[in-house]
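Colleague: Would you mind keeping the following structure in view while I ask a few things?
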Amino acid sequence: MSYLSIAENCFCEYNKVEKCMRLIVSETTTDNSCNRNKDELRERKLVNIKQLIEKLEYTCVQGSLDKEIKAVVYDSRKIVEGCMFICIEGVNFDGHSVAAEAAKKGAAALITCKPVEAEGDVTIIQVENTRYAMAFISAAWFGNPAEKLKVIGITGTKGKTTTTYLVKSILENAGKKVGLIGTIETIIGEEHIPAVNTTPESYILQERFAKMVEAGCEAVVMEVSSQGLMLHRTQGFIFDYGIFTNMEPDHIGPNEHSSFEEYMACKGLLFKQCKVGIVNSDDSHWKMVTDGYSCQLETYGFEAGADLQATDMELIKDKGQIGVAFHVSGLLDMDVEVATPGRFSVYNALTAIAICRHFGVSEENIKKALLAAKVKGRIELVKVSDDFTLMIDYAHNAFGLESLLGTLKEYEPNRLVCLFGCGGNRSKLRRFEMGEVSGKLADLTIITSDNPRFEKPEDIIADIVTGIQKTDGKYVEICDRKEAIAYAIANGEPGDIIVLAGKGHEDYQEIEGVHYPMDERVIIAEILEEQNA
Numbered sequence: 250m251s252y253l254s255i256a257e258n259c260f261c262e263y264n265k266v267e268k269c270m271r272l273i274v275s276e277t278t279t280d281n282s283c284n285r286n287k288d289e290l291r292e293r294k295l296v297n298i299k300q301l302i303e304k305l306e307y308t309c310v311q312g313s314l315d316k317e318i319k320a321v322v323y324d325s326r327k328i329v330e331g332c333m334f335i336c337i338e339g340v341n342f343d344g345h346s347v348a349a350e351a352a353k354k355g356a357a358a359l360i361t362c363k364p365v366e367a368e369g370d371v372t373i374i375q376v377e378n379t380r381y382a383m384a385f386i387s388a389a390w391f392g393n394p395a396e397k398l399k400v401i402g403i404t405g406t407k408g409k410t411t412t413t414y415l416v417k418s419i420l421e422n423a424g425k426k427v428g429l430i431g432t433i434e435t436i437i438g439e440e441h442i443p444a445v446n447t448t449p450e451s452y453i454l455q456e457r458f459a460k461m462v463e464a465g466c467e468a469v470v471m472e473v474s475s476q477g478l479m480l481h482r483t484q485g486f487i488f489d490y491g492i493f494t495n496m497e498p499d500h501i502g503p504n505e506h507s508s509f510e511e512y513m514a515c516k517g518l519l520f521k522q523c524k525v526g527i528v529n530s531d532d533s534h535w536k537m538v539t540d541g542y543s544c545q546l547e548t549y550g551f552e553a554g555a556d557l558q559a560t561d562m563e564l565i566k567d568k569g570q571i572g573v574a575f576h577v578s579g580l581l582d583m584d585v586e587v588a589t590p591g592r593f594s595v596y597n598a599l600t601a602i603a604i605c606r607h608f609g610v611s612e613e614n615i616k617k618a619l620l621a622a623k624v625k626g627r628i629e630l631v632k633v634s635d636d637f638t639l640m641i642d643y644a645h646n647a648f649g650l651e652s653l654l655g656t657l658k659e660y661e662p663n664r665l666v667c668l669f670g671c672g673g674n675r676s677k678l679r680r681f682e683m684g685e686v687s688g689k690l691a692d693l694t695i696i697t698s699d700n701p702r703f704e705k706p707e708d709i710i711a712d713i714v715t716g717i718q719k720t721d722g723k724y725v726e727i728c729d730r731k732e733a734i735a736y737a738i739a740n741g742e743p744g745d746i747i748v749l750a751g752k753g754h755e756d757y758q759e760i761e762g763v764h765y766p767m768d769e770r771v772i773i774a775e776i777l778e779e780q781n782a
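One point on numbering: in the numbering used here, the residue at position 491 of the sequence shown is 740, and numbering is uninterrupted.
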């Protein structure tokens with residue numbers, strides 16, 4: 250059975266259950282922020298197997314359900330005596346292959362989705378999908394912390410990251426304490442944890458919800474990726490609000506989605522797992538994405554008929570700074586200004602407004618927070634001159650780049666300059682498409698290196714050139730990214746808009762499996778210092 254059919258058939262809304270006190274043990278191999286020393290563990294009452302699996306359909310193949318569990322583990326290297334070991338089938342490793350070893354190490358229970366053999370006094374529970382089961386087990390293990398938070402989940406191809414920060418800014422400006430989980434980082438109070446996945450594995454997600462509750466958070470706003478939905482990372486709880494921003498073909502290929510239809514179907518799972526759905530009704534795919542929804546549905550957009558509508562959009566330009574102003578009508582009536590450019594900035598702001606009105610935030614607080622909010626690597630303006638505008642953005646596919654450059658052309662710059670590269674060991678089609686988009690829309694394209702990974706940067710650049718040569722666009726090739734940025738700044742002309750695309754929030758460059766420090770903000774500061782010297 251596919252992930253989608255499992256999600257459809259197995260999904261159920263669960264009731265609030267009695268909080269179980271336990272020993273909390275972190276079980277991630279990729280997120281060091283969750284590792285804890287033994288002296289940091291808090292003593293809790295133990296919980297038995299039956300309590301952890303009570304929301305699941307299962308077969309007890311062997312042993313008793315009344316055993317107490319000391320830890321929940323899904324990494325075979327973290328197995329401890331008395332733990333429940335969940336056998337996860339990964340791309341490169343199948344936890345079922347070490348089931349017998351886990352039993353020998355003293356695991357009290359094994360959660361499997363196919364037959365295993367294990368000797369000794371170990372309980373074996375077989376379920377249809379162990380990732381789905383792990384989400385519910387993790388929620389129970391941490392005492393169902395999502396029930397103590399207002400959980401906001403945002404999905405879509407573009408706008409997720411920016412919108413999460415806008416929502417956090419607005420709600421905090423109104424005096425609420427808000428956690429954040431997304432592509433860049435997780436924020437819990439003053440703690441900032443760099444992200445490994447946009448949507449963390451279910452165990453880590455529940456652990457972070459629990460930490461947010463302990464830190465006094467009232468709400469959490471999070472990005473919900475299609476992969477996260479497909480792999481059941483967000484099961485085990487109900488979102489209070491589920492948001493759809495937009496949809497374009499992306500993340501389609503090996504180890505991602507087999508088709509655009511599957512990609513849409515995965516995004517749509519959010520609207521079978523939330524109480525209130527808020528969708529961009531201007532996007533042509535919204536009805537397909539919300540097909541079979543089980544939530545209350547609201548809409549926003551520019552087009553007439555949206556519950557929350559943006560009108561009277563006005564572009565703002567002033568000494569190297571650009572932004573946009575617009576009016577909101579429908580469920581609210583107010584004027585809004587944001588310090589980022591174009592139509593997609595209006596969509597991001599409108600999404601945040603649609604969410605925050607449910608929290609009773611005043612119009613004054615919404616307007617103040619939107620004008621002040623900034624997101625690292627998302628249309629991030631970096632002041633280098635009064636004569637031209639320089640910005641950093643994460644646009645790393647053809648859709649994102651076309652949206653960004655199309656918006657910036659509306660400001661009628663003297664020249665639109667686009668600097669970008671493409672990641673290695675990824676689809677070549679993305680390189681051709683991005684080259685063609687930049688060639689059509691930018692007055693000058695500076696082709697450089699991004700994260701070459703295990704490919705030669707020159708080969709990636711050659712693929713981008715193949716795309717750009719389908720157009721009449723001017724371009725230069727500068728392999729070293731710092732040299733490319735220095736060239737862009739040194740040759741900036743009055744009225745230019747210069748975009749450094751692709752890296753965004755990233756502060757490294759991946760070459761041959763090694764992450765080398767490379768933050769474009771630092772690079773810009775170094776270049777300006779060298780030029781002044």
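The beta carbon of each residue, even a glycine, is placed where N, CA and C say it ideally should be.
(1) Give the DSSP-derived three-state secondary structure of T448 in the structure shown.
(2) Between the region 411–424 and the region 611–619, are three or more C-beta pairs nearer than 8 Å?
(3) Going by DSSP in three states, Y490 sits in which element: helix, strand or coil?
(4) Taking the alpha carbon of M683 as the point to measure from, which residue in M537, Y660, A644, V469 has its own alpha carbon closest?
(5) Assign G431 to buried or exposed, taking buried as 16 or more other Cβ atoms, counted over all protein chains shown, within 10 Å of its Cβ.
(6) On the DSSP bridge assignment, give the partners of P443 in chain order.
(7) Near T379, what residues of its chain come up, given a Cβ to Cβ distance below 6 Å and the 5 sequence neighbours on each side ignored?
(8) For G477, collect the residues of the same chain with a Cβ closer than 6 Å to its Cβ; drop the 5 residues on either side in sequence, then sort them by chain order.
(9) In its own chain, which residues sit with a C-beta less than 7 Å from the C-beta of D561, not counting the 5 before and 5 after it?
(10) Under 8 Å by Cβ, that's how I've got P743 and D636 pegged, so tell me the actual separation to the nearest angstrom.
(11) Can you check which of these residues, K536, T494, L557, is closest to N529 by C-alpha distance?
(12) Going by DSSP, what residues sit across from R702 in a beta bridge?
(13) Quick check: G550 and D567, are their CB atoms within less than 8 Å of each other?
(14) Alpha carbon to alpha carbon, what distance is there between S634 and L272?
(15) At which residue ranges does the region 324–394 contain complete alpha helix (DSSP H) runs of 4 or more residues, listed in the order of the chain?
(16) Taking C-beta to C-beta, are I401 and V416 nearer than 8 Å?
(17) Under a Cβ-count criterion, where at least 16 other Cβ atoms within 10 Å of its own Cβ denotes burial, should K399 be classed as buried or exposed?
(18) Excluding the 5 residues flanking M513 on each side, which residues of the same chain have their C-beta closer than 7 Å to its C-beta?
(19) Beta strand (DSSP E) containing V686: first to last residue?
(20) Tell me the DSSP bridge mates of P467?
(21) What residue from F342, R592, D489, Y596 has the CA that sits closest to C544's CA?
(22) Look at the Cβ atom of V666, then the Cβ atom of D721, and state whether they are nearer than 8 Å.
(23) Whole angstroms is fine: what's the gap from S676's alpha carbon to A468's?
(24) Pop quiz: I492 and M461 are said to be a contact at Cβ under 8 Å. What is the actual Cβ separation, rounded to whole angstroms?
(25) With H, G and I counted as helix, E and B as strand and the rest as coil, what does DSSP make of F637?
(26) Count the other CB atoms, across all protein chains shown, that sit within 10 Å of the CB of T435; report buried if there are 16 or more and exposed otherwise.
(27) Please name the residue, chosen from R730, K319, A367, that lies closest to A352 on a Cα-to-Cα basis.
(28) Pick out whichever of V573, S475, G609 has its Cα sitting closest to the Cα of E511.
(29) Leaving out five residues on either side along the sequence, give the residues of the same chain with a beta carbon under 7 Å from the beta carbon of Y660.
(30) To test your reading of the DSSP string, which unbroken beta strand (DSSP E) runs of 3 or more residues are found completely within the region 558–610?
(31) How is the alpha helix (DSSP H) around N781 delimited, first residue to last?
(32) Taking the alpha-carbon positions, what's the G485 to E552 distance?
(33) Over what stretch of residues does the alpha helix (DSSP H) that includes V416 continue unbroken?
(34) Within its chain, find whatever has a CB closer than 6 Å to the CB of M333; leave out the 5 residues flanking it on each side and keep chain order.
(35) Of all the options G526, V587, S451, A555, which has the alpha carbon lying nearest to the alpha carbon of Y542?
(36) Would you say A750 and L657 are within 8 Å of each other, going by their C-beta atoms?
Modeller: Taking the coordinates as given:
(1) Taking the first residue of the sequence shown as position 1, residue 448 is located at position 199. Reduced to three states, the DSSP call for T448 is coil.
(2) yes
(3) Taking the sequence shown and counting its residues from 1, one reaches residue 490 at position 241. Note: Y490 maps to strand in three-state DSSP.
(4) By one-based count along the sequence shown, residue 683 stands at place 434. Measuring from the Cα of M683, the nearest candidate turns out to be A644.
(5) Counted from its first residue, the sequence shown places residue 431 at position 182. Its Cβ being crowded by 16 or more others within 10 Å, G431 is buried.
(6) The sequence position of residue 443 within the sequence shown is 194, counting from 1. Bridge partners of P443: E434.
(7) In the sequence shown, the residue the question calls residue 379 occupies position 130. Correct list, in chain order: I335, C336, I337, I360, C362.
(8) The residue given as residue 477 occupies position 228 in the sequence shown. Cβ neighbours of G477 beyond the five flanking positions: T448, T483.
(9) As a first step, residue 561 must be located in the sequence shown, where it is residue number 312. Cβ within range, chain order: F575, H576.
(10) As a position in the sequence shown, residue 743 is number 494, starting the count at 1. As a position in the sequence shown, residue 636 is number 387, starting the count at 1. That belief holds up - the Cβ atoms of P743 and D636 are roughly 4 Å apart, short of 8 Å.
(11) Position 280 of the sequence shown, counting from 1, holds the residue named residue 529. With distances taken between Cα atoms, N529 lies closest to T494.
(12) In the sequence shown, residue 702 corresponds to position 453, counting from 1. In DSSP, R702 forms a bridge with I760.
(13) Translated into positions along the sequence shown, residue 550 becomes position 301. Translated into positions along the sequence shown, residue 567 becomes position 318. Cβ atoms of G550 and D567: not closer than 8 Å.
(14) Here residue 272 is taken as the residue at index 23 of the sequence shown, counted from 1. Here residue 634 is taken as the residue at index 385 of the sequence shown, counted from 1. Note that L272 has pLDDT 32, beneath the 50 cutoff, so the model's placement of it is unreliable and the number below is only indicative. Taking the straight line from one Cα to the other gives about 55 Å.
(15) 348–353, 379–390
(16) As a first step, residue 401 is located in the sequence shown; it is residue number 152 there, counting from the start. As a first step, residue 416 is located in the sequence shown; it is residue number 167 there, counting from the start. Contact: yes.
(17) The sequence position of residue 399 within the sequence shown is 150, counting from 1. Looking at its Cβ environment, which holds 16 or more other Cβ atoms inside 10 Å, K399 is buried.
(18) Position 264 of the sequence shown, counted from the first residue, corresponds to residue 513. Once the five neighbours on either side are set aside, the close Cβ partners of M513 are M496, H534, M537, V538.
(19) Residue 686 sits at position 437 when you count from the first residue of the sequence shown. Note, V686: premise wrong, no beta strand (DSSP E); alpha helix (DSSP H) at 677–690.
(20) Sequence index remark: in the sequence shown, residue 467 carries index 218 (1-based). Here the sequence assigns Glu to residue 467, which means Pro is not the residue at that position. E467 pairs with nothing; no bridge assigned.
(21) Within the sequence shown, residue 544 is the residue found at index 295, counting from 1. Looking at the Cα atoms, D489 is the closest of the given residues.
(22) Mapped onto the sequence shown, residue 666 falls at position 417. Mapped onto the sequence shown, residue 721 falls at position 472. Cβ atoms of V666 and D721: not closer than 8 Å.
(23) Taking the first residue of the sequence shown as position 1, residue 676 is located at position 427. Taking the first residue of the sequence shown as position 1, residue 468 is located at position 219. Near 37 Å, if we compare the C-alpha coordinates of A468 and S676.
(24) Start at 1 with the first residue of the sequence shown, and residue 492 comes out as number 243. Start at 1 with the first residue of the sequence shown, and residue 461 comes out as number 212. About 19 Å; that fails the 8 Å criterion.
(25) Against the sequence shown, residue 637 aligns to sequence position 388. Coil at F637, not helix or strand.
(26) The residue labelled residue 435 in the question sits at position 186 within the sequence shown. Buried, since its Cβ has 16 or more Cβ neighbours within 10 Å.
(27) As a working note, residue 352 is residue 103 in the sequence shown. Out of R730, K319, A367, A367 has the C-alpha closest to the C-alpha of A352.
(28) By one-based count along the sequence shown, residue 511 stands at place 262. The shortest Cα separation from E511 among V573, S475, G609 belongs to S475.
(29) Stepping through the sequence shown from its first residue, residue 660 is reached at position 411. The answer, listed in chain order, is L564, K566, I571, P590, I746.
(30) 570–579, 583–587
(31) Locating residue 781 in the sequence shown gives position 532, counting from the first residue. Residues 769–781.
(32) Along the sequence shown, one-based indexing puts residue 485 at 236. Along the sequence shown, one-based indexing puts residue 552 at 303. Near 36 Å, if we compare the C-alpha coordinates of E552 and G485.
(33) Sequence index remark: in the sequence shown, residue 416 carries index 167 (1-based). 409–422 is the span of the alpha helix (DSSP H), which, as asked, contains V416.
(34) As a first step, residue 333 must be located in the sequence shown, where it is residue number 84. Taken in chain order, the residues that qualify are I318, V321, A358.
(35) Walking along the sequence shown from the start, residue 542 turns up at place 293. Nearest of G526, V587, S451, A555 to Y542, Cα basis: G526.
(36) Here residue 750 corresponds to residue number 501 of the sequence shown, with the count starting at 1. Here residue 657 corresponds to residue number 408 of the sequence shown, with the count starting at 1. Taking 8 Å as the Cβ cut-off, A750 and L657 do not qualify as a contacting pair.
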